[in-house]
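For the sequence shown, this note's numbering gives the first residue as 353, with consecutive numbering after it. Ideal Cβ positions, reconstructed from N, Cα and C, are used throughout, including at glycine. Nothing here was measured: the structure is a model prediction, and the numbers come from that model.
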Amino acid sequence: MDSVLPIGTEHGCFTIIGGFEVFQEEFAKKKIAELEHKKQKFINGEKVDGNTFDSVETYDKFIQDWKSYKRYQCQCKCGKIGYFTEDQLFRKKWRDCGENCELKQERKRKRIDSYPRVKDKSYNIDYLYTTHESLEILECIDENYEGAINVHDKRKKKGGEVIVFKLYKCRCYLCGKEHKFKSSDFEIKTRRYGPRAKDGYHCKAFCDCHNISSFQWRTAKLLREHNVAYRAEVSFQDLYGVGQKNLLRYDFAVLGSDNNIKCLIECQGEQHYKPVDEFGGVSQYESQVKNDELKRDYAKSHNIPLIEIPYTCSTYEKEIEFLKTAGII
């Protein structure tokens, strides 16, 4: 079997290092042997795993196809070896051995290195030593964390920009788990349209040791925007729920200048007022009512004002008015 192109021919990242006979010997030979073995099992009436052929002729056709394939053995400049037809080798696009080609990755790195660095809008917000939901922000571990890459034109050296963030180390005060979040992750936002619209208010920076509702995120956003010091998921060592198994938690505690609790806040979703299938229906509602009563009694007995925001405060504007009336903001 003679090669049409001489050994040593180069194109793109590739150099031909072997002719058709190398492909047949090192690659096609194994495939042909596998097909011959499966064909014999088919002839013998044995089960052939993964078989989609319904005749000996089909096996023979595929075996002949493999025998007729003409591919060159080529080596990429990154060192990887592959087998390609002449058409594949001489495509107009720059040829390389795939997305993981080291040479291609190097070109990509150089292209990205040429992009200007642009600070994200969140960069100048100082989150250090603050508390976000249940996360204590302990340290800024990278002041020039390169995150998103916006590409306008891959063909140009400066056809894009690299967005720079601050990267923070955080620890959840509820479970002790540590996390890393970039500065933009602390934004509490909502979307009216798109796949996340159903999620309501949400945030990327949180600890998964507890659930956080859209209602709670909206309240946290309002408290932060009005510089109200607070602590989320507040429990007391002598306040247990129904069955005396688990400590009950209040959604928020508003703190005074001395970090003492000024009042407690509960975001009372619909399930606090009537059975809701999504939250366990009637049986869960009965437990919910009892737990809510335990919380009210506890706050009252300790002279701590308890603010219960009803689910009817269903918009940002309605909740602002409610919190203003309650003297929180």
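- 9 Å or more divides the Cβ of GLY595 from the Cβ of LEU646.
- For GLU498, the uninterrupted beta strand (DSSP E) run begins and ends at 487-503, by DSSP.
- Annotation: the continuous beta strand (DSSP E) that includes LEU599 extends over 599-607.
- Excluding residues up to 5 positions away in sequence, GLU622 lie with their Cβ nearer than 7 Å to the Cβ of VAL628 in the same chain.
- Taking a 10 Å sphere around the C-beta of VAL606, we find 16 or more other C-beta atoms and assign the residue as buried.
- In the three-state scheme derived from DSSP, where H, G and I count as helix and E and B as strand, LYS541 is classed as strand.
- When the beta-carbon positions are compared, PRO657 and LEU616 come within less than 9 Å of each other.
- In the structure shown, LEU575 falls within a helical segment according to DSSP collapsed to helix, strand and coil.
- Rounded to whole angstroms, the Cβ separation of TYR520 and GLU488 is 10 Å, and the two are not in contact under 8 Å.
- Assigned with DSSP and collapsed to three states, TYR424 falls in strand.
- Shortest Cα-Cα distance from ARG423 to any of LYS390, LYS413, GLY370 and GLU398 involves GLY370.
- Looking at THR571, GLU388 and LYS532, the one whose alpha-carbon comes closest to that of GLN416 is GLU388.
- Within its own chain, the residues whose Cβ lies closer than 6 Å to the Cβ of CYS430, once the five positions on either side in sequence are excluded, are CYS453, GLU454 and LEU455, listed in chain order.
- If you draw a straight line from the Cα of ILE540 to the Cα of ASN563, it is about 15 Å long.
- A distance below 6 Å between beta-carbons, with the five flanking residues on each side excluded, links SER639 to the following residues of its chain, in chain order: VAL594.
- DSSP places VAL634 within a helical segment (H, G or I) once states are collapsed to three.
- When C-beta atoms of the stretch 390-398 are compared with those of the stretch 433-441, fewer than three pairs fall below 8 Å, so the two segments do not count as touching.
- Under a 10 Å Cβ-count criterion, SER666 is classified as exposed, with fewer than 16 other Cβ atoms of the shown protein chains found around its own Cβ.
- Minimum Cα-Cα distance from ARG570 among the listed residues CYS426, VAL516, PHE394 and PHE674 corresponds to PHE674.
- Just measuring C-alpha positions, the residue of VAL503, ASP603, LYS532 and SER474 sitting nearest ILE493 is LYS532.
- Nearest Cα to VAL516 within the set ARG523, GLY528 and GLY499: GLY499.
- Less than 9 Å separates the beta-carbon of ARG469 from that of GLU513.
- Unbroken beta strand (DSSP E) runs of no fewer than 3 residues, entirely contained in the stretch 365-399, are found at 366-370, following chain order.
- Beyond the five residues adjoining it in sequence on each side, CYS561 comes within less than 7 Å, by CB distance, of CYS524, LEU526, CYS527 and LYS529 in the same chain, given in chain order.
- CA-to-CA, the gap between LYS391 and LYS381 works out to about 15 Å.
- DSSP, read as helix, strand or coil, puts LEU646 in helix.
- When the five nearest sequence neighbours on each side are left out, the beta carbons in the same chain lying within less than 8 Å of the beta carbon of ILE681 are those of LEU574, LEU575, HIS578, VAL580, ILE672 and LEU675, in order along the chain.
- Non-local C-beta neighbours of TYR479 in its own chain, meaning closer than 7 Å and more than five positions away in sequence, comprise ILE489, TYR520, SER535 and PHE538, ordered along the chain.
- Excluding residues up to 5 positions away in sequence, HIS624 lie with their Cβ nearer than 7 Å to the Cβ of ASP644 in the same chain.
- With 16 or more other CB atoms across the displayed protein chains lying within 10 angstroms of its CB, ALA572 is buried.
- Taking all protein chains in view, the Cβ of ALA385 is surrounded by fewer than 16 other Cβ atoms within 10 Å, so the residue is classified as exposed.
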